[in-house]
Structures are given as C-alpha cells and as structure tokens.
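A.B. asks: Residue numbering for the sequence shown follows numbering that gives the first Met the number 0, beginning at 0 and increasing consecutively. Cβ atoms here follow ideal geometry from the backbone N, Cα and C, with glycine treated the same way.
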Amino acid sequence: MKARKVPLRKCVACQEMMPKKELIRVVRTPQSDVLIDLTGKKSGRGAYLCGKVSCFRLAKKAKSLDRALKAAVGDDIYDRLEQDFIRVEDEFHASKDRMDEDDEE
Ligand SMILES: [Zn+2]
0 MKARKVPLRK
10 CVACQEMMPK
20 KELIRVVRTP
30 QSDVLIDLTG
40 KKSGRGAYLC
50 GKVSCFRLAK
60 KAKSLDRALK
70 AAVGDDIYDR
80 LEQDFIRVED
90 EFHASKDRMD
100 EDDEE
C-alpha cells in the first residue's frame, strides 16, 4: 500500500511547513562539514530551507542554520552555501519536476 501522507518539514528561515520535496536540505556531516544535500540522504543533522535564495539570505541574516544544526556556522560557510544554493537552485527545481512525474504512476 502506498502512503498518501506527504512528509512536511519546516523551513528554518520563514518557519513555513512545506512538503519535504519543496525544500532544500542543508546537512552537517559527522565530519562537521556544512553542505547542501540535494539527495536528502546524507547522514548528519539536517535543516530545511525553501528552494529560494531569499529564504537562504533570511537564514543567513538570522543565523538560523546555527540553531537548526546546533553548531556555529561561520560567515564564510554561509557565503559558500549561498553560492552553492544559487548554483543548485535550477537543478533542484528540475529534479523536483521529475519527482512530480514519478508520483503519477
Ligand atoms: Zn522559507
């Protein structure tokens, strides 16, 4: 039987509850790297953000990732993540569309 319930996660920036696939996951790996995880499968503590750079900037300003990941995230890391975020945004939305197709069996 297929589960119909859509898993919801909260964006750490705007606090909105969204279906998991609408959000970009940021993960703090066991090696203490903080990076964007488009697969959603990397191990470590995760935080979710809407797939919008505006939300990332909000998180950066409020240091939301520090709280969500329970770690100090340096400005240089936020800057690097912001660049990554901009770079993956298109890929993220493209893969989301593919996922939508997969849902319609
Ligand atoms: Zn958001």
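Rounded to the nearest angstrom, how far is the Cβ of Val87 from that of Ala46, given a contact under 8 Å?
C.D. replies: In the sequence shown, residue 87 corresponds to position 88, counting from 1. In the sequence shown, residue 46 corresponds to position 47, counting from 1. With a Cβ gap of about 15 Å, Val87 and Ala46 do not count as contacting.
A.B. asks: Do Asp83 and Ile35 come within 8 Å of each other at the CB atom, strictly closer than that value?
C.D. replies: Looking up residue 35 in the sequence shown gives position 36. Looking up residue 83 in the sequence shown gives position 84. If you check the CB distance, Ile35 and Asp83 come in under 8 Å.
A.B. asks: Distance, Cα to Cα, Leu68 vs Val5?
C.D. replies: For the purposes of this step, residue 68 is taken as residue 69 along the sequence shown, with counting starting at 1. For the purposes of this step, residue 5 is taken as residue 6 along the sequence shown, with counting starting at 1. Cα to Cα, Leu68 sits roughly 23 Å from Val5.
A.B. asks: Ligand 1 and Ala61: does any heavy atom of the ligand fall closer than 7 Å to the residue's C-beta?
C.D. replies: Counted from its first residue, the sequence shown places residue 61 at position 62. Answer for Ala61: no, Cβ out of range of ligand 1.
A.B. asks: Cα separation between Cys54 and Arg66?
C.D. replies: Within the sequence shown, numbered from 1, the residue matching residue 54 stands at position 55. Within the sequence shown, numbered from 1, the residue matching residue 66 stands at position 67. Roughly 15 Å separates the two Cα atoms.
A.B. asks: Among the residues of its own chain, which have a CB less than 7 Å from the CB of Asp74, if the five just before and after it don't count?
C.D. replies: By one-based count along the sequence shown, residue 74 stands at place 75. If we look at Asp74 and ignore the five residues flanking it on each side, it has no Cβ neighbours.
A.B. asks: Where Ile76 and Ile85 are concerned, what is the direct C-alpha to C-alpha distance, given to the nearest angstrom?
C.D. replies: Against the sequence shown, residue 76 aligns to sequence position 77. Against the sequence shown, residue 85 aligns to sequence position 86. Straight-line Cα distance between these residues: approximately 14 Å.
A.B. asks: Counting only the same chain and skipping the five closest in sequence on each side, list residues whose C-beta sits under 6 Å from that of Ser63.
C.D. replies: To locate residue 63, count along the sequence shown from 1; it is residue 64. Result list for Ser63: Val11, Ala12, in chain order.
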